[in-house]
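J.: Its first residue numbered 13, the sequence shown is counted upward by one per residue in this note's numbering. Before I ask anything, let me first share the structure, which is written out below as structure tokens.
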Amino acid sequence: MTFDYSIPVVIAGGGAAGAVAALAARDAGADVLLLEQDATPYGTTSMSQGLLCAAGTAAQQQAGIDDDGERLFADIMEKTRGQTDPVLARALAYGSGPALDWLVSAHGLPYTLDQRFKAAFGHSRLRVHGWPGHSGADTLQFLHRRMAERGVDILYQARLVDLLKDETGRVRGITIERPGGERESLGCDSLVLATGGFAGNHDMVRTHIPDAADAHYHGHEGSDGLGIRLGAGVGGALADMGAYQGYGMLTNPQGVTLPPGFILEGGFLVNAHGARFDNETADISAIVHPVLAQPGGKAWIIFDERIEAACAHIHESAQLRELNAARRAADSAELAAAIGADPATLDNALADAWAAHRSGKPDSQGRLWAETPPQGNLRALRVRGALYHTQGGLAIDATGQVLRADGSTLPNLFACGGAARSVSGPSCWGYLPAMGICTAFTLGRLAGMAAARSDLASSSD
Ligand SMILES: Cc1cc2nc3c(=O)[nH]c(=O)nc-3n(C[C@H](O)[C@H](O)[C@H](O)COP(=O)(O)OP(=O)(O)OC[C@H]3O[C@@H](n4cnc5c(N)ncnc54)[C@H](O)[C@@H]3O)c2cc1C
């Protein structure tokens, strides 16, 4: 198989996973070409808050947080009820801290520990990191600038459409398509699929995640699953295709993700009648289904001035403030009128939370109230349940190398981020907060480093 030109490492997809893989491969000394189908890189990464969980980081050490890879590994196994690949979980847990520290120290990524994102929803330690005041869109722009500075070649408006393999299963080259429909092929020594997940592909969601098939999708349309299908087409196995992150607090109609801090600081959810329906602190992802089950598939989050102030530093909070999105009221009767709920029912919901807070016992939904429930000047925002991103994909080993169904590795094919199987178990209840970007950064780095290995260079036949 011959090509007009050939590049040692090709990376398809310019989200967080692809960008980090490209930086890692470049740092390892390889010549790298990154392909992104869009004219401007955006991806699901830019829709995110850019937060990632990582264990044993320099920022945690500075803050005196006692955490390490083994603790994150244990949290992953507990959250997934033991139903994830322990080899991958360990690689991710142990690799997350070094990946973030490398991006901070070698590439100047201005991430630090988010000390206001409490250890919750399955994390036993304070380990969510981010860029204060910035979102995932800023993170992605930063990474693309950094790639350009480091000499990564980037081709925008170049969509990977085919993999060209030889009889051994080795990927010899790829075909890309330009916006006008023109196609060209080029050779590569190794290929990293970082094309995101498949939540934007309705047919794939219906096939693999039927319980979320009718949920509103709130991710990037580029997550159409093509990379996953191409990887499967050359022999890659698929794993945990039923895994995904749902979210129960997408504001409606604003379409802004309400940060989990609104719950962790003391907010709670009620339905259109003003009635509580679940323990909001139990599961950041699986709560999507109780929300979808409410009248109209919607709910209201009830909070107060204190909670609003505690979350004011978060980018999305500022967006909602600028939109003047919250309904405001001086007491619960006024708030019930403002949201069309039954005043007695809403009052009961507040009383239930306060009684639990004072007694130290769980409320009617099983929630323990260490935090103070809403009081005084109240606020409400309407929210809906939505599918955010998928967590299943190509089966990979601990270096991001794609596996066949028999467990053997494909010679030179890697996957990371949404294109690869993550560590969230088989469904929506295994997702730990900020695991999407953790997977993108950590597996991106591991896959990029492995793809740059010189022994992957093919002979010139
Ligand atoms: C609203 C929202 C908020 C979120 N917040 C968080 C958060 O705070 N923390 C967290 O950990 N996770 C969060 N997530 C999940 C997180 O954003 C994703 O897990 C992560 O961004 C995936 O990164 P990625 O690089 O794999 O995918 P993407 O960022 O989607 O990048 C994939 C890229 O590949 C391109 N592409 C696709 N197919 C091709 C092709 N055939 N050829 C060339 N290019 C292609 C796409 O255009 C895209 O640019 C959130 C998700 C959503 C929807």
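Cβ coordinates follow ideal geometry from the N, Cα and C atoms, glycine included.
To the nearest angstrom, how far is it from the Cα of P385 to the Cα of R93?
T.: Approximately 30 Å between the Cα atoms of the pair.
J.: Please classify Y443: is it buried, with 16 or more other beta-carbons within 10 angstroms of its beta-carbon, or exposed?
T.: Y443 counts as buried, since at least 16 other C-beta atoms from the protein chains shown sit within 10 angstroms of its C-beta.
J.: Considering just the uninterrupted stretch of the alpha helix (DSSP H) at V164, what are its terminal residues?
T.: Counting along the chain, V164 falls outside any alpha helix (DSSP H), and DSSP gives it neither H nor E.
J.: Assign G243 to one of two classes, buried (16 or more other C-beta atoms within 10 Å of its C-beta) or exposed (fewer than that).
T.: The Cβ neighbour count for G243, taken over all protein chains shown within 10 Å, is at least 16; the residue is labelled buried.
J.: What is the rounded straight-line gap between the Cα of Q72 and the Cα of C65?
T.: Q72 and C65 have their C-alpha atoms some 11 Å from each other.
J.: Taking the straight line between their C-alpha atoms, what separation do you get for V21 and S197?
T.: 14 Å
J.: At 3 residues or longer, what runs of the beta strand (DSSP E) sit wholly inside the segment 222-285?
T.: 256-263 and 280-282
J.: Pull the bridge partners of V99 from the DSSP assignment, please.
T.: In DSSP, V99 forms no bridge with anything.
J.: Compute the minimum distance between the beta carbon of R394 and the heavy atoms of ligand 1, and state whether it is under 6 Å.
T.: Taken from the Cβ of R394, every heavy atom of ligand 1 lies 6 Å or farther away.
J.: Please identify the residue among V44, L35 and Y54 whose C-alpha is closest to the C-alpha of A469.
T.: V44
J.: DSSP puts R394 in a beta bridge; with which residues?
T.: Answer is W312, bridged to R394.
J.: For S329, count neighbouring Cβ atoms within 10 angstroms of its own Cβ and tell me buried if that reaches 16, exposed if not.
T.: Buried.
J.: For my contact list, G388 and D316 are in at a C-beta cut-off of 8 Å; report their separation, rounded to the angstrom.
T.: 6 Å
J.: Report yes if the CB atom of L358 is closer than 7 Å to the CB atom of G286, and no otherwise.
T.: yes
J.: Return the residue from the list A227, D126, H325 and R370 that minimises the CA-CA distance to V303.
T.: Of the candidates A227, D126, H325 and R370, the one whose C-alpha sits nearest the C-alpha of V303 is A227.
J.: According to DSSP, simplified to helix, strand and coil, what is A367?
T.: DSSP places A367 within a helical segment (H, G or I) once states are collapsed to three.
J.: Throw me the rounded Cβ distance for the A350 and A341 pair, which I believe falls under 8 Å.
T.: 5 Å
J.: Who are the near neighbours of S202 in its chain, counting only those whose CB is closer than 6 Å to its CB and skipping five residues on each side?
T.: Here the set comprises V21, N424, A463 and L468.
J.: Please name the residue in L276, G193, D87 and G68 whose C-alpha comes closest to that of Q169.
T.: G193
J.: How would you label A160, buried or exposed, when you count the other beta carbons within 10 angstroms and need 16 or more for buried?
T.: exposed
J.: Go ahead and pull the three-state DSSP assignment for E179.
T.: coil
J.: Is the segment 108-123 close to the segment 67-83, with three or more CB pairs under 8 Å?
T.: yes
J.: Report all residues from its chain with a CB closer than 8 Å to the CB of V99; omit the five preceding and five following residues, and keep chain order.
T.: The residues D409 and A410, in chain order, have a CB closer than 8 Å to that of V99 in the same chain once the five nearest residues on each side in sequence are set aside.
J.: Determine which residues share a DSSP beta bridge with L415 and list them.
T.: T421
J.: Using DSSP with H/G/I as helix, E/B as strand and the rest coil, what is D87?
T.: helix
J.: Excluding five sequence neighbours on each side, which residues of the same chain lie with their C-beta closer than 7 Å to the C-beta of D473?
T.: Model confidence at D473 stands at a pLDDT of 40, short of 50, so the residue's coordinates are unreliable and nothing is read from them.
J.: Would DSSP call D112 helix, strand or coil?
T.: Per the sequence shown, residue 112 should be read as Leu rather than Asp. Residue state, collapsed to three classes: helix.
J.: Please work out which residues of its chain come closer than 8 Å, Cβ to Cβ, to Q413, disregarding the five sequence neighbours upstream and downstream, and give them in chain order.
T.: T421, L422, L425, F426, A459 and A462
J.: Please report the straight-line C-alpha distance between V116 and Y123, rounded to a whole angstrom.
T.: 7 Å
J.: Just checking T207 against ligand 1 - is the residue's beta carbon closer than 6 Å to any of the ligand's heavy atoms?
T.: At least one heavy atom of ligand 1 sits closer than 6 Å to the Cβ of T207.
J.: Does DSSP put T14 in a helix, in a strand, or in coil?
T.: Note: T14 maps to coil in three-state DSSP.
J.: Excluding five sequence neighbours on each side, which residues of the same chain lie with their C-beta closer than 6 Å to the C-beta of L125?
T.: In its chain, beyond the 5 residues on either side, A71, Q72, A75 and H141 have a beta carbon closer than 6 Å to the beta carbon of L125.
J.: In the DSSP assignment, find the alpha helix (DSSP H) that holds H220 and state where it starts and stops.
T.: H214 to H220
J.: Please work out which residues of its chain come closer than 7 Å, Cβ to Cβ, to M216, disregarding the five sequence neighbours upstream and downstream, and give them in chain order.
T.: F210 and G237
J.: Using alpha carbons as the reference points, say which of A382, A324, S466 and H135 lies closest to A446.
T.: H135
J.: Flag L444 as yes when its Cβ comes closer than 6 Å to any non-hydrogen atom of ligand 1, and as no otherwise.
T.: no
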